[in-house]
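The opening residue of the sequence shown carries number 405 in the working numbering; numbering runs sequentially from there. Glycine residues also receive a C-beta, built at the ideal position from the N, C-alpha and C atoms. Quick caveat: nothing in here was measured; it's all calculated off a predicted structure. Only one structure is covered here, and it is reproduced in the block below.
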Amino acid sequence: MKIFVAGGTGAIGRPVLDQLLAKGHSVVALTRSQERAQSLAAQGIEPAIADVFDADSVKAAIAYAQPEVVIEQLTALPKTYSRESMAAAGPLNTRIRLEGGANVLAAAQAAGVRRYLRQSVAFWGIPGAGLADEQTPLSVDASPAVAADARLVTEIERRLLESNLEGIALRYGFFYGPGTWFNPDGDVAQQVRQQQFPIVGNGDGLWSWLHIEDAAIATVAAAEQGNPGVYLIADDQPLPVREWLPAFARSLNAPPPPQVAVEDALKLEGGADIIYYQTQMRGASNAKAKRELNFQPRSLEWVVEPAVTHAS
Ligand SMILES: NC(=O)c1ccc[n+]([C@@H]2O[C@H](COP(=O)([O-])OP(=O)(O)OC[C@H]3O[C@@H](n4cnc5c(N)ncnc54)[C@H](OP(=O)(O)O)[C@@H]3O)[C@@H](O)[C@H]2O)c1
């Protein structure tokens, strides 16, 4: 198939492009940069140069490419994962998802694209018993930043799913692997080494993880054989912060993470959001992706299973 990727040069976009090429698709990727356009061309990918905020250029690029499928992976996330850097990046990240995404969606509709997939988020299912599935409402009344993000995701998913295209929202778990904050050279790893990433309270918040290459495999499977609608894409075993964080620290040869009481976290700016991620977050079920996309994710790389001993 001919597939157009917006955001193909970012952390998730790059493995998506590799996977599309590996599966024999003909690929066009959007970038703002001449230099990146040249490296895309060297990889056998047709570059399209445009800024997503320039609606006419995006429309022309997709009309020219005539793809059957569009995949949208646009973000404007910071290189560091801190409350300050995330707050500073927030407005542009929101704008790129809402306004940039709307421009790409409109251009796809105008060009007669059949299927449209976009990035979404797996960690805002409303807290409750068991794992969240695709029907679980999002936490639109949670802590301030989480609620704002959940409302944004609700809106961009609605816009896609109510469009006349075969719309698929891919709600990804927490990315790790090359180019992410959780890679050994990434920002969170650095914070963990410096004991700046604590466990808050009981650390009961369940994180659903996803290796960036598994994200790419699931994305391409959804482009090829998914059904319109929502898919949660995450590994098999959501883990509480109190388990994955000390294991992550060990894998980095870092000291154990410090502990912070909930009452002390509440005094911090954005404390309610920190408490959500650390103590309330609900894991996500990947059952639908396994069933419909034959998704077979790897286990979280830095959690070493205890050796199995067989009774004789
Ligand atoms: N969970 C995680 O750990 C996680 C997940 C994702 C990202 N991150 C972190 O976030 C940081 C940035 O990630 P990233 O590399 O994916 O983001 P990025 O470098 O900001 O790239 C996002 C993608 O969106 C495109 N894009 C952004 N604004 C655009 C615009 N106005 N017009 C057209 N295209 C636009 C970029 O294309 P061009 O720049 O080529 O134009 C690129 O393909 C990294 O440090 C990464 O570690 C972390």
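Out of Gln598, Ala514, Tyr520, point me to the one whose CA is closest to Ile475's CA. Tyr520
Would you report the Cα separation of Arg646 and Asn606, rounded to the nearest angstrom? 7 Å
Beta-bridge partners of Phe652, as assigned by DSSP: DSSP lists no partner for Phe652.
How would you call Gln539, buried or exposed, if buried means at least 16 neighbouring beta carbons within 10 angstroms? exposed
Looking only at C-alpha atoms, which of Ser461, Ile616, Gly571 sits nearest to Asn587? Answer by Cα proximity: Ile616.
Taking the continuous alpha helix (DSSP H) assigned at Pro354, which residues delimit it? Residue coverage of the chain in this structure runs from 405 to 716, which leaves residue 354 outside it and unanswerable.
Look up Pro451 in the DSSP assignment and say whether it is helix, strand or coil. strand
Can you tell me which of the three DSSP states Ser443 falls into? helix
Could you pull the start and end residues of the beta strand (DSSP E) that Glu667 belongs to? From DSSP, Glu667 is part of no beta strand (DSSP E) but of the alpha helix (DSSP H) over 666–671.
Looking at Ile416: is its Cβ nearer than 9 Å to the Cβ of Thr623? yes
So what's Leu424 in DSSP terms, helix, strand or just coil? Reduced to three states, the DSSP call for Leu424 is helix.
Can you pull the DSSP bridge partners for Leu614? Phe579
In the DSSP output, which residue or residues are listed as bridge partners for Ile475? Beta-bridge partners of Ile475 (DSSP): Val409, Leu521.
If Val420 and Val473 are in contact, beta carbons under 8 Å, what's the gap, nearest whole angstrom? Their Cβ separation, rounded to whole angstroms, is 12 Å, which puts Val420 and Val473 out of contact at 8 Å.
Do Pro451 and Ala459 have their C-beta atoms within less than 9 Å of each other? Not closer than 9 Å, so no.
Assess, as a yes-or-no matter, whether the region 544–555 is touched by the region 694–704 under the definition of 3 or more beta carbon pairs within less than 8 Å. no
Considering only C-alpha positions, which residue in the set Gln682, Leu670, Leu542, Gln600 is nearest to Leu350? In the structure as shown, the chain starts at 405 and stops at 716, and residue 350 therefore has no counterpart that could be examined.
Any idea if Asp677 is buried or exposed, counting beta-carbon neighbours within 10 angstroms, 16 or more meaning buried? With a 10 Å radius around the Cβ and a threshold of 16 neighbouring Cβ atoms, Asp677 comes out buried.
Check whether the Cβ atoms of Thr484 and Val604 sit closer than 9 Å, and answer yes or no. no
As a quick exercise: from Leu565, Pro602, Gln447, pick the residue whose alpha carbon is nearest that of Gln523. Leu565
Using a threshold of 8 Å, is the CB atom of Gly414 nearer than that to any non-hydrogen atom of ligand 1? yes
What is the residue span of the alpha helix (DSSP H) that Thr498 lies within? 487–499
Helix, strand or coil, according to DSSP, for Val708 in the structure here? Under the three-state reduction of DSSP, Val708 is assigned to coil, being neither helix nor strand.
Separation of Gln513 from Leu569, as counted between CA atoms: When rounded, the distance between both Cα atoms is 7 Å.
Reduced DSSP category for Ala433 - H, G, I as helix; E, B as strand; rest coil: Of the three classes helix, strand and coil, the one that applies to Ala433 here is strand, per DSSP.
Under 9 Å, do Val525 and Ile572 count as touching if we go by C-beta distance? no
What is the DSSP secondary structure of Ile603, reduced to helix, strand or coil? strand
Take Ala711 and list the residues in its own chain whose beta-carbon comes closer than 8 Å to its own, dropping the five residues that flank it on each side. Note that Ala711 scores a pLDDT of 46, beneath 50, so its modelled location is shaky; the value from the coordinates is reported in the next line. The answer is none, since no qualifying residue turns up.
Presumed contact (8 Å Cβ cut-off) between Pro602 and Gln641, rounded CB distance: With a Cβ gap of about 23 Å, Pro602 and Gln641 do not count as contacting.
What whole-angstrom Cβ distance do Trp613 and Asp639 have, given they're in contact under 8 Å? The Cβ separation is near 5 Å, so the contact holds.
Cα separation between Thr584 and Leu672? 25 Å
Using a Cβ-Cβ cutoff of less than 7 Å, which residues in the same chain neighbour Val508 once the five nearest sequence positions on both sides are dropped? Non-local beta-carbon contacts of Val508 in its own chain, meaning distances under 7 Å to residues more than five positions away in sequence, involve Ala410, Val456, Val462, Val474, Glu476 in chain order.
Please say whether Ala593 and Phe652 have beta carbons closer to each other than 9 Å? When the beta-carbon positions are compared, Phe652 and Ala593 come within less than 9 Å of each other.
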